[in-house]
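Data first, discussion second: the structure below is written as structure tokens.
Chains as they are written, first to last, in the working numbering: chain A, 5 to 282; chain B, 1365 to 1780.
Below, the structure is given as structure tokens:
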């Protein structure tokens, strides 16, 4: 997967299209992507690093970051394992309703996150379809960290599945058949043969899921209740602080989240060769 | 292990079988297979003896791969049994059959080194590490890949990958080896070299093997016996010599080697081809008067002489005109138009005369492919347009029943 720019060898001398198109690309991206990102860093550090550090280490801020990481972690764990299982079932077995299942699994990509959060509320909320039976028992899922995990799972549901399934589809059945004829059980085959080939897909699926979950806002704000120090994730914290006029506090966390996603995508981009090792 | 014990038991129970001929290592008994409503295999029966190599030869889609997959346990037969070393394994899963399968794509595990690939069978059987190392070393030596042991399959050439695949199956001492078009992905030169290597290797390890191929040359070279498969059934099974020289069906005649086919009719215990009459041979009682038959012969069985040559022609077919002469390496290849109506060139004067009027013009000549080796070609030089007398040094007469109509009226050559 190396980016191979073919030099137009037949064109001798100076090619005007080249600097022009590269310049165009950068100019278009400037106001849309580069400058907004840059301003986070410019504003965040404009009052000195001390105030930045103070904003970052505020207990509510630390809590928000930790909560985001923890909820995203569990959502990722669930979705990778489930994605692996779903990809296995849906690419290995052909059955009636298979395509309907594939579409359903992929659906959350297209659902607005606010709708997802709302749907969860309608199911699990104190007056929801299921929640109304749980509430008398003292079981309250909404407005807890659990609700955030549920929301994260819902919106990142198709990501890991979407990365792993194509690998399953293109994986030659003969590898697994060879393993079977050699004498391996289904489980041994999966562990020694199938899983190693999926390593890249699993890692990139997990990173994608995690990055997406950490940044989730629309569904989280509905199901979490946005209680500072209890159910306030990092993106909610940014929103809350901004509303309160505490721009520095919001900015500090914004920088952390921006750097974090930058890190994840760097891994995804530069470790591609390692992830796809044949 | 279990199957080996079963084998021993069987051999001791049948002392006669082991004394007369090598014991049967694998049998396929009455195997049929359907995919949905399509029948892909019908009543397949064959045995493979201990240490023997059997080649299943057939065109793609003939069902030969399905047979192999059924033996391997990757496919369930609709009816019939698979018996390996006296043990019925039809209901056993692939992993309990103790077979070694070499897939067309080799199916090496991409994330394992050569060593790990070869040791896989022993690792999952939880053998001791030292034992695994020893076996792997031994096999690396056998397939001459010692210096590649740390490489990954993608870093090896096609031939090397295949040797790894073979070593990987030999590691756990399979009782039968199955090869699915093992040379399909290789270039012509490697193919020839590898099949000689594999042939030698098989004789060395003395494991019975079943090969699948559509390549007649490969079949002739690898097989102790060949089974010709055509649309889901076995056309003929026998040694390469038997199948090449005594084909029992038109299909096996044309599939293995090049063959000329001429339609004829049985008349008074002889075969009538146009104006010529040829002896039916030993199978005369198989045919009835007036039955339509096929005369099958190999291009190298055609003997050509000039009409002015007064020597008698054996099994004379009649007169013909050279239509094409081409050079094909070791031999010269000619296409000759046999004239079915012209009489008088062959000595027998009893030739019937009615044929000229009854045979339509387009039916009166037939192309025949003949090949001649260099000395013969040099002795009697022939050019396009020359008239020749066509004789046959050997031929086979087959009943003309199942022949597809489009093939029935033309000489067919299927080679390479």
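Just so you know, even glycine gets a beta-carbon here, dropped at the ideal spot from N, CA and C.
If you're wondering where the values come from, they're calculated on a predicted model, not measured in any experiment.
Interface residue (Cβ-Cβ distance to chain A less than 8 Å): residue 1543/B is not classified as such. Residues of the same chain with a CB within less than 6 Å of the CB of residue 1541/B, apart from the 5 flanking positions on each side, are 1464, 1571 and 1573 in chain order. Between the C-alpha atoms of residue 1736/B and residue 1639/B there is a straight-line separation of about 25 Å. Considering only 90/A, 233/A, 229/A and 83/A, the residue with the shortest C-alpha distance to residue 211/A is 83/A. Residue 1494/B has a beta carbon lying at 8 Å or more from every beta carbon in chain A. Look at the stretch 181-198 of chain A: the residues with a C-beta under 8 Å from a C-beta of chain B are 181, 182, 183, 184, 185, 186, 187, 188, 189, 192, 196 and 197. Per DSSP, the unbroken beta strand (DSSP E) holding residue 1576/B starts and ends at 1573-1577. Every alpha helix (DSSP H) of 4 residues or more that sits fully in the stretch 1543-1570 of chain B is shown, in chain order, as 1552-1569. Residue 1488/B is positioned such that its CB atom lies no closer than 8 Å to that of residue 236/A. In the structure shown, residue 236/A adopts coil according to DSSP, grouped into three states. Inter-residue distance for residue 1753/B and residue 1597/B is about 39 Å (C-alpha atoms, whole angstroms). Interface annotation, residue 200/A: in contact with chain B, CB-CB separation under 8 Å. Taking all protein chains shown into account, residue 141/A has fewer than 16 neighbouring C-beta atoms within 10 Å of its C-beta and is therefore exposed.
One alpha carbon belongs to residue 1511/B, the other to residue 1479/B, and they sit about 11 Å apart. Setting aside the 5 residues that flank it on each side, residue 1500/B is surrounded in the same chain by 1479, 1482 and 1483, each with a C-beta closer than 6 Å to its C-beta; the list follows chain order. Collapsing the DSSP output to three states places residue 1539/B in coil.
At a C-beta separation below 7 Å, residue 1467/B has these neighbours in chain A: 178 and 182. Here residue 86/A carries a helix assignment [DSSP, helix/strand/coil]. Exposed is the label assigned to residue 33/A, since fewer than 16 other Cβ atoms lie within 10 Å of its Cβ. Secondary structure of residue 204/A (DSSP, three-state): helix. Taking one beta carbon from each stretch, the stretch 143-156 of chain A and the stretch 244-252 of chain A have fewer than 3 pairs nearer than 8 Å; the two do not touch. Per DSSP, residue 1511/B lies in no beta strand (DSSP E) segment and is marked neither H nor E. Legend: CB atoms of the stretch 1433-1453 of chain B lying less than 9 Å from CB atoms of chain A belong to residues 1433, 1436, 1437 and 1438. Under DSSP, the beta-bridge partners assigned to residue 1691/B are 1696/B. With respect to chain A, the C-beta atom of residue 1572/B has no partner C-beta closer than 8 Å. A straight-line Cα-Cα distance of about 42 Å links residue 170/A and residue 1620/B. Here residue 134/A is exposed: its Cβ has fewer than 16 other Cβ atoms, across all protein chains shown, within 10 Å. Here residue 233/A really is in contact with residue 67/A; their C-beta atoms are around 5 Å apart, less than 8 Å. Between residue 1630/B and the set 1697/B, 1641/B and 1623/B, the nearest pair of CA atoms involves 1641/B.
For residue 1661/B, the number of other beta carbons within 10 angstroms of its own is at least 16, and it is reported as buried.
Residues of the same chain with a CB within less than 8 Å of the CB of residue 1535/B, apart from the 5 flanking positions on each side, are 1482, 1483, 1484, 1485, 1486, 1499, 1500 and 1503 in chain order. Using a Cβ distance threshold of 8 Å, residue 1625/B and residue 1636/B do not count as a contacting pair. Using a Cβ-Cβ cut-off of 7 Å, residue 1475/B is close to 200 and 201 of chain A, given in chain order. Under the three-pair Cβ rule at 8 Å, the stretch 1461-1476 of chain B counts as touching the stretch 1427-1438 of chain B. Secondary structure of residue 145/A (DSSP, three-state): coil. Residue-level contact by beta carbon holds for residue 1484/B and chain A, with a gap shorter than 8 Å.
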